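Student: If you read the protein sequences in the order shown, they are chains A and B. The numbering used here numbers the first residue of the first sequence as 2 and each following residue consecutively. The numbering used here numbers the first residue of the second sequence as 432 and each following residue consecutively. A virtual CB, placed ideally from N, CA and C, is assigned to each residue, including glycine. No experiment lies behind these values; they were computed from the predicted model shown.
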Amino acid sequence: MTAITSSAASARDYSLTGRDARLAVENGLSAAEWYHTDIPRKQMKELMQRSDQPAIRDTIIWLAAFAVSAAGGIWFWGSWWCVPFLFVYGTLYGSSTDSRWHECGHGTAFRTQWMNDAVYQLACFMIMRNPVTWRWSHTRHHTDTIIVGRDPEIAVMRPPDLLRVVLNFFGILDVWHAMADMVRNAAGVISAAEKTFIPEQEQPKAIRVARIWLAIYIATIALGLYLHSWLPLMLVGLPRLYGAWHHVMTGLLQHGGLADNVIDHRLNSRTVYMNPVSRFIYWNMNYHVEHHMFPMVPYHALPKLHEMIKHDLPAPTPSILAGYREMIPAFLRQLRNEDYFLKRALPPTAKPYREELHNDHPVAAAAE
Amino acid sequence: MSDWVEACAAGDIDEEDVMRFDHAGRTFAIYRSPDDEYFATDGLCTHEKVHLADGLVMDDIIECPKHNGRFNYKTGDARGAPVCVNLKTYPVRVDAGKVLIQVG
């Protein structure tokens with residue numbers, strides 16, 4: 002890995018309707034043809050094959066874990082014994098739903114589409130992401146991954162707002178914005194930014210979902226008031242705060258500190274080896290370069306895909322800790338120079354980067 | 432009948448698979464269903480210009496490799512977000528082991 006500083010000073014405009022959005026289209030960075038490792042069609046077909054079995058197994062385990070941890074939290078409510086149960090429940094609610102939303106939104110988790118749709122709707126509610134809005138925002142994220150002004154899902158913009166990053170480990174700003182968006186959508190208002198990626202005929206669906214969700218939250222609060230207890234909110238809504246830590250921890254690693262405005266996922270995405278528990282919570286999205294390069298491949302086939310193409314990818318980050326050891330210093334450097342980023346080194350067996358496509362600004366210096 | 436063109440040999444496409452066919456500056460996708468029938472559509476996804484021949488055929492569905500948008504390749508019907516516009520389909524026949532499509 003190499004650290005790179007670009008010579009061109011460029012205050013980034015992340016607005017989806019702003020200067021950089023227009024420049025990305027004009028420069029061909031938007032809807033560009035991205036690099037893919039060559040895989041024979043026969044092998045690719047095998048990797049893409051859908052199956053209900055792995056996701057049904059994982060979903061039974063997932064729902065059972067929800068049930069047991071919720072039951073423990075309710076049973077021991079009022080004593081400290083509820084804490085470990087609610088910790089598990091919250092992590093399932095506020096973090097594992099991030100990967101379920103994601104994978105089922107792609108339609109790759111299950112072969113049977115209604116199963117994808119059912120888990121998608123449940124996970125979207127828990128992670129507080131409007132299933133219509135986020136389906137379209139994620140489509141854009143895959144079209145224009147970390148393209149400034151085009152990608153609505155850039156978690157850490159430059160220069161990094163580190164306070165926001167820290168607060169989001171507890172869901173604080175995310176939930177505030179999610180609630181504001183829900184109320185705004187429920188009032189029938191689709192923002193100008195949302196209109197850039199949600200087709201007009203889909204917008205009423207976003208409004209309908211927001212109204213249903215708002216009714217659920219009002220009912221939950223009413224139940225809490227009736228019972229004179231926080232418990233209903235500890236089970237619906239608040240876990241998105243106290244259980245967000247894992248999805249933020251893993252999510253930041255996806256692209257944090259790496260290049261922006263490039264059209265090669267090897268440069269702007271990070272594959273990280275993780276422990277089995279995190280991989281269950283995260284549904285193998287730690288193989289993030291592989292996922293972006295081939296979003297058709299289901300989560301359960303990503304380890305096999307990784308083995309198949311790792312000769313063409315940067316060395317994977319060996320652990321979550323190692324990821325933070327490289328990412329945090331990069332964030333701190335970006336506070337002083339937002340053009341700083343971590344450039345991935347490719348193995349000798351890999352096809353080289355097409356540098357001419359990656360830099361609309363010339364790279365001036367490489368260091369460290 | 433002059434706009435029938437030979438796309439490929441019938442055996443060039445595996446069952447439940449798809450193949451790209453370019454002709455006269457246009458690109459098509461030729462499908463072989465699990466029932467050993469052949470179909471043809473425009474080759475590019477109507478959502479973004481991505482070749483469907485790199486996608487996945489499941490029963491009567493073709494799934495785009497970029498955003499997982501789904502179409503019924505027999506009718507061209509878009510089957511939900513992020514695809515909203517139907518695919519154009521073309522008549523296909525198999526003649527003496529050759530797959531022909533009517534591109535007009």
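With burial defined as no fewer than 16 other Cβ atoms inside 10 Å of the residue's Cβ, what is the status of LYS601 of chain B: buried or exposed?
Tutor: Past the boundaries of the shown model lies residue 601 of chain B; chain B is included only from 432 to 535, so the question cannot be answered.
Student: For chain B, find out if any of its Cβ atoms is closer than 8 Å to the Cβ of MET297 of chain A; answer yes or no.
Tutor: Yes, MET297 of chain A lies at the interface with chain B (some Cβ there is under 8 Å from its Cβ).
Student: When you compare only the Cα positions, how much space is there between HIS396 of chain A and LEU174 of chain A?
Tutor: Shown here, chain A extends from 2 to 369; a query on residue 396 of chain A therefore has no answer.
Student: Spatial neighbours of LEU232 of chain A within its chain, please: C-beta separation below 6 Å, excluding the five flanking residues on both sides.
Tutor: Taken in chain order, the residues that qualify are TRP78.
Student: According to DSSP, is TYR504 of chain B part of a helix, a strand, or is it coil?
Tutor: Residue state, collapsed to three classes: coil.
Student: If you draw a straight line from the alpha carbon of GLU308 of chain A to that of SER97 of chain A, how long is it in whole angstroms?
Tutor: Answer to the nearest angstrom: the Cα atoms are 25 Å apart.
Student: Just checking my contact of ALA179 of chain A with MET129 of chain A at CB under 8 Å: how many whole Å lie between their CB atoms?
Tutor: Rounded, the Cβ-Cβ distance is 4 Å, consistent with contact.
Student: Give the residues of chain B in contact with GLN202 of chain A, contact being defined as C-beta atoms less than 8 Å apart.
Tutor: Within chain B, the residues near GLN202 of chain A are CYS515.
Student: For a cutoff of 8 Å on Cβ pairs, would you count GLY486 of chain B as touching chain A?
Tutor: Chain A, which has a Cβ nearer than 8 Å to the Cβ of GLY486 of chain B, makes this yes.
Student: Could you tell me if VAL523 of chain B is buried or exposed, where buried requires 16 or more neighbouring beta carbons within 10 angstroms of its beta carbon?
Tutor: It counts as buried.
Student: Give the residues of chain B in contact with HIS107 of chain A, contact being defined as C-beta atoms less than 7 Å apart.
Tutor: The answer, in chain order, is ASN499.
Student: Go ahead and label THR38 of chain A buried or exposed: buried means 16 or more other beta carbons lie within 10 angstroms of its beta carbon, across all protein chains shown.
Tutor: So THR38 of chain A counts as buried.
Student: Under the DSSP definition of a beta bridge, which residues are partnered with GLU468 of chain B?
Tutor: The partner list for GLU468 of chain B (beta bridge, DSSP) is empty, contrary to what the question assumes.
Student: Give the C-beta separation of GLY244 of chain A and LEU93 of chain A to the nearest angstrom, bearing in mind that I take them to be a contact with Cβ-Cβ under 8 Å.
Tutor: Contact holds; Cβ gap of about 7 Å.
Student: For PRO522 of chain B and chain A, any beta-carbon pair shorter than 8 Å?
Tutor: No, PRO522 of chain B lies away from the interface with chain A (no Cβ there is under 8 Å from its Cβ).
Student: Given SER52 of chain A, which residues of its chain have a CB within under 6 Å of its CB, disregarding the five upstream and five downstream residues?
Tutor: Cβ within range, chain order: ARG112.
Student: Kindly indicate which three-state DSSP category PHE342 of chain A falls into: helix, strand or coil?
Tutor: Three-state result, PHE342 of chain A: strand.
Student: Looking at chain B, is there any beta carbon in it that lies within less than 8 Å of the beta carbon of LYS352 of chain A?
Tutor: It does not; no Cβ of chain B falls within 8 Å.
Student: Tell me the DSSP secondary structure of PHE295 of chain A in three-state form.
Tutor: Coil.
Student: My guess is that PRO317 of chain A and THR272 of chain A are in contact by the Cβ rule of under 8 Å, so how many angstroms apart are they, rounded?
Tutor: Indeed, because the Cβ distance is near 4 Å, the residues count as touching under 8 Å.
Student: Nearest by alpha-carbon distance to ALA187 of chain A: which of A:ILE219, A:LEU163, A:THR144, A:SER279 is it?
Tutor: Minimum Cα distance to ALA187 of chain A is reached at A:ILE219.
Student: Taking the alpha-carbon positions, what's the SER70 of chain A to HIS142 of chain A distance?
Tutor: About 34 Å.
Student: How big is the Cα-Cα spacing for PHE470 of chain B and GLU154 of chain A?
Tutor: Cα to Cα, the separation comes out at about 38 Å.
Student: Could you please tell me which residues of the stretch 138-152 of chain A, in chain order, have their CB closer than 7 Å to any CB of chain B?
Tutor: Per Cβ criterion, the list reads THR140, HIS143, THR144.
Student: Please report how far the alpha carbon of ILE461 of chain B lies from the alpha carbon of VAL278 of chain A, in whole angstroms.
Tutor: Taking the straight line from one Cα to the other gives about 43 Å.
Student: For the alpha helix (DSSP H) containing ASP175 of chain A, name the first residue and the last one.
Tutor: Counting along the chain, the alpha helix (DSSP H) containing ASP175 of chain A begins and ends at 173-187.
Student: Grab me the residues of PRO304 of chain A's own chain with a C-beta within less than 8 Å of its C-beta, minus the 5 sequence neighbours each way, in chain order.
Tutor: Contacts found: ASN285, TYR288.
Student: So, HIS293 of chain A versus THR146 of chain A, is the Cβ gap smaller than 8 Å?
Tutor: Cβ distance < 8 Å, so HIS293 of chain A and THR146 of chain A count as in contact.
Student: Name the chain A residues whose beta carbon is nearer than 9 Å to that of ASP448 of chain B?
Tutor: The contacting residues are ARG42, LYS46.
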